[in-house]
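Worksheet: the structure to be examined is printed underneath.
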Amino acid sequence: MPRPPSALLASVARLRGPRLQFPPADRRNFQTSASKMGVNVITHQPGTGATPTKGQTVTIEYTGFLKDTSQPDNKGKKFDSSVGRGDFVVKIGVGQVIRGWDEGVTQMKVGEKATLDISSDFGYGARGFTGHIPPNADLIFDVELKKVQ
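Oh and the sequence shown: position 125 is 125 in full-length UniProt numbering, straight run, nothing missing.
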């Protein structure tokens, strides 16, 4: 393919004008909307054991609540709990549980007690869970990671 004549290139360069110089971004005031969706892990008691990786089996004790921002702890109606029923054992990171659990639990260590604050898109989304969780509900789970295999 033949090159354009140099006069044409010079005309294009003049049309573009001078290069703009932008000051560096001030990262101290940088905000993101990532906290509006996903999972936020709030640690109450740090763990000292292993951190689970995708595909490992974990043993967890949990209680789930509908998020209610009118409550001081954001915990609304309790919809499920393993307390008194027996620990919950599941393979993590492979889609056997809601995405908020897959991503939140893999940030924890064995022995850790934490609250998972899960947005609806990382929970049950627009479909909800009939009879238990309404559509587009944000969720709160108190969890203790007891074991990783």
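Ideal Cβ placement from N, Cα and C applies to all residues, glycine included.
It should be emphasised that the depicted structure is a prediction, and the values quoted were computed from it without experimental measurement.
Per DSSP, the bridge partner or partners of residue i
i, result
"K146", "Answer is none; K146 lacks a bridge partner."
"V39", "I118"
"I60", "F88, L145"
"S81", "T63"
"K113", "Q45, E144"
Near the ligand NAP: residue i beta-carbon under 6 Å from a heavy atom
i, result
"P134", "Looking for the ligand NAP in the displayed structure turns up nothing, as the structure carries no ligands at all."
DSSP state of residue i mapped onto helix, strand, coil
i, result
"G125", "helix"
"D73", "coil"
"T130", "coil"
"D68", "coil"
Extent of the continuous alpha helix (DSSP H) run through residue i
i, result
"G100", "99 to 105"
Would you call the region 40 to 49 and the region 67 to 81 in contact, with 3 or more CB pairs under 8 Å? no
So, do the region 120 to 136 and the region 82 to 89 have three or more beta carbon pairs nearer to each other than 8 Å? no
Within 8 Å, do at least three Cβ pairs link the region 131 to 147 to the region 93 to 111? The region 93 to 111 makes contact with the region 131 to 147; the number of CB pairs closer than 8 Å reaches 3 or more.
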